[in-house]
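Residue numbers (this note's numbering), protein chains in the order written: chain R, 1 to 253; chain D, 1001 to 1253; chain L, 2001 to 2253; chain Y, 3001 to 3253.
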């Protein structure tokens, strides 16, 4: 059968990224406490295509995924990227993977334990000696203005802090989650008894933070970590008094 | 050209609904204050298909939409439904339309005005003399338990109250929005100055409501309206202290 | 600390469903080929609330989930439902769970194997001796009209067949997937080599089906299965020639 | 009342972007054929915050939006950006707006007319003399490999071409839509009669294109337009034979 993809292309236009997008795939990821955990990932795999090739071979991306299915971890990404370059005869390869990751959290007073979900995305690029990863962490924010001007109460809401970093070292997902959770008015838990709810309500009220405070407080912690080559911090507050979000973003130089 | 859709079907299986789904279309809807407003709708149009016809004629649904495009309103729905029955030679027709609808809200103290979005869905069925419509209204909920047990503060969050009713009368979207907004701890506004924020924070703190209270309080108001033949009320609180929602639902008998 | 939720309510309005919604949770499900598989579920848990109670106890839902976390399967649903009734002192309980489920598929010619995702939803209600479950299956549809009237080619597209059944027996997810896949123009695979692509292209062209044909063909297979007490079939074709879907639905009497 | 936002901040961390996100708002946009059209936008408005200010004034963003509500167009963006800088006392401002835009399309043979939706995003940054805009265009792709190796038929599917450009000139949305539609196997229409369906099926079969061909063909047309300072082209094919997408991206130097 004719291999149309391997035909010459004469338009003289290289393609930055070509491949497969939104593959859903069960994976195993490393876990600081338990060794590893099973989860379901959304995966994108791309290669650079030189100007003189008409097409890439899409099925080979899935074959590479199948080889590595028993354990996809940040440690394996350089290997996946080099397999992609080799199998697809490419100068550069890209691997993006997003998955829910669970950490057992202990309620602050009752000490009851339950699993909390965080969304993690890892970006690998064969042209870099480092990789990027991003963690999305739900937290509580309580408005300092509302607290200051009101006789009682203060509006508060769920917020999402997103930390994206570039590093060449091993940094645990858990480390970034802790940084985000310590940079908001309060932490979020899957399971809280009444004594925990009292503790969190009071602690949050004593710790009012604007969306601006959350991103700055997170930045202070990331700035001093030598392993982090680049960071981008976003916070989005799902405002309880509005139907839109308050948002802030800091990008490291 | 052969009309394959009009072929006989011998499987003896009628189809409850067949047609077009997720058509995006600019429409004009009636508005209690301004006469009408322009918006963008997502539309589904279906007919019943008798057991002996192989297929329906999909393009005719779009032709009917084009005829009515200058003004799609709840008043027009019986006409659209009968056009569908006629043009598609069907015993029964269904028309579903969802659109964002804007109401100008005045901030409680500063009186500043701005436009607030509500999501409206209308369900028409040619076999009924009534129609259904649904309004999704963002509000604030403040937890009575958190307030009671804490020295200061109380967790609060954005909630969405969904009211779906069946009626044969004209009931304004604005009427259902007001019922939902009066049944929560507080209202949400697009634009608030500092004096408004103080007012809302304090009022919400004085009016704590569980998700259960919100649906019951809404139900009390709908029960006494004779024009309402059926109702379904949902409230979903985007909990600020959890990463999941609290939810309640009441269905009228 | 005061238990506000347990206060009396005097509005005389029972609540059909109250509980927690959209909990993300890692689970293990039974698998026809491998015994079981790990996946991530979205879970809703509700109870009925009598008219004279003000509120339910939200944290207990999560405690029940934690007890059953090692293995949530359709077999376990009656147990979870009765635990919910007991722990929440309720007359009726509801458990809804949605998760991606993977089946290894073999390409038709090359026999290469890879994992394909299907979305499964299970609905449990303590008031019923049966349970509902739903499988969403991606397939190919090729238009009979386009094929008939054109000199060459025929428009085709990805479609999603959704089968929802009520049963009191064990019916495997795999069984429903096979029924949907056998009722379309062709099957979808995660990994296809060139010989497979030729086979599927030709087979699909020889097997043109309208959205109406897909739901009827599925209904024929479900009608004769005595274990199925009720079914609802939907097919949605992501039309390649339009920016909207063609849709059909059959509900069993 | 105390103005907490205006307090000094001593952390020495400037914030790149702070403001309001996901505001839903009815707007009027310019239209090449009809002068203008009504639509509903999702809007983000941000300013840069110097290191020594604690917070910005969120309500002022909405006030600016209210002033410009009668006509938000690409022509108005420099004015909105300068109002934002002035009202929020900022060095730099950002305005992002996304909306559905409708163009009346005529079917190729029957000449029947109907409205087709395209998603448009405009990005304004006060630090630039140009602005970015992006159009997402649904088209058909037909696989050259499938056509070549099969006796009859060829798999085809809906694809989305996204063109993002930077320009200092007026470029009509319609111009970019035409470029994308001319760079695929075939165009998509909201309303097609049988004679149109025959025409499109045959034309698409005669014009097979890989995802790689679509982005290159689009790039050829954008490269020669002097008004375009930068472009990024993406194509995503919703593969009919797979449950994932084929994807390609070209970024201009």
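Even glycine gets a Cβ: it sits at the ideal position worked out from N, Cα and C.
Separation of residue 3062 of chain Y from residue 1178 of chain D, as counted between CA atoms: 23 Å
Chain-order list of residues whose beta-carbon lies under 6 Å from that of residue 2230 of chain L (same chain, five-residue window excluded): 2166, 2252
Within 7 Å, strictly: CB atoms of residue 2235 of chain L and residue 2161 of chain L: yes
Cβ-based contacts, 9 Å cut-off: residues of the segment 3153 to 3169 of chain Y near chain R: none
Cross-chain neighbours of residue 3049 of chain Y in chain R, by beta carbon under 7 Å: 212
Meets three-Cβ-pair contact criterion under 8 Å: the segment 3136 to 3145 of chain Y and the segment 2138 to 2147 of chain L: no
For residue 125 of chain R: DSSP bridge partner residues: R/94
Residue(s) in a DSSP beta bridge with residue 3245 of chain Y: R/21
Straight-line gap, residue 3081 of chain Y to residue 185 of chain R (C-alpha atoms, nearest Å): 32 Å
Among Y/3030, Y/3067, Y/3096, Y/3028, nearest to residue 3020 of chain Y - alpha-carbon criterion: Y/3096
Segment contact, 8 Å Cβ cut-off, at least three pairs: the segment 99 to 116 of chain R with the segment 2218 to 2226 of chain L: no
Assumed close pair residue 1017 of chain D, residue 1057 of chain D - CB separation to whole angstroms, cut-off 8 Å: Actually they are not in contact, since the Cβ atoms of residue 1017 of chain D and residue 1057 of chain D sit about 15 Å apart, beyond 8 Å.
Sufficient close CB pairs (3 or more, under 8 Å) joining the segment 235 to 247 of chain R to the segment 2189 to 2200 of chain L: no
Simplified DSSP assignment, three categories, for residue 117 of chain R: strand
Distance, residue 246 of chain R Cα to residue 237 of chain R Cα: 5 Å
Closer than 7 Å to chain R by CB, residue 3245 of chain Y: yes
Closer than 7 Å at the beta carbon, the chain D residues around residue 3203 of chain Y: Within chain D, no residue comes near residue 3203 of chain Y; the closest Cβ sits about 16 Å away, beyond 7 Å.
Endpoints, beta strand (DSSP E) assigned at residue 1192 of chain D: No beta strand (DSSP E) holds residue 1192 of chain D; DSSP gives it neither H nor E.
Exposed unless 16 or more other CB atoms sit within 10 angstroms - verdict on residue 153 of chain R: buried
Proximity test, Cβ basis, 7 Å: residue 1194 of chain D and chain Y: yes
Residues sharing a beta bridge with residue 1158 of chain D, DSSP: D/1140
Other residues of its chain near residue 2130 of chain L: CB distance less than 8 Å, five sequence neighbours each side excluded: 2166, 2167, 2168, 2229
For residue 3171 of chain Y, the three-state DSSP class (helix, strand or coil): coil
Residue environment, residue 1208 of chain D, which counts as buried when at least 16 other CB atoms sit within 10 Å: buried
Separation of residue 172 of chain R from residue 221 of chain R, as counted between CA atoms: 15 Å
Beta-carbon proximity check, residue 1055 of chain D vs residue 2148 of chain L, cutoff 7 Å: no
Alpha-carbon to alpha-carbon, residue 3 of chain R and residue 2198 of chain L: 12 Å
Among Y/3026, Y/3106, Y/3048, Y/3128, the one whose alpha carbon lies nearest that of residue 3039 of chain Y: Y/3026
Proximity of residue 1104 of chain D and residue 150 of chain R at Cβ, strictly below 7 Å: no
Cα-Cα separation between residue 23 of chain R and residue 99 of chain R, rounded to whole angstroms: 12 Å
Cβ pair residue 1084 of chain D, residue 1047 of chain D closer than 7 Å: yes
Contact under 7 Å by Cβ, residue 1126 of chain D with residue 1092 of chain D: yes
Contacts of residue 2132 of chain L in chain Y (Cβ-Cβ under 7 Å): The premise fails here: residue 2132 of chain L is roughly 24 Å from chain Y at the closest Cβ pair, so nothing lies under 7 Å.
7 Å Cβ cutoff met for residue 2124 of chain L and residue 2163 of chain L: no
Listed by chain order, chain Y residues near residue 2198 of chain L by CB distance under 7 Å: 3149, 3150
Three-state secondary structure (DSSP) of residue 261 of chain R: Residue 261 of chain R is absent from the model: chain R starts at 1 and stops at 253.
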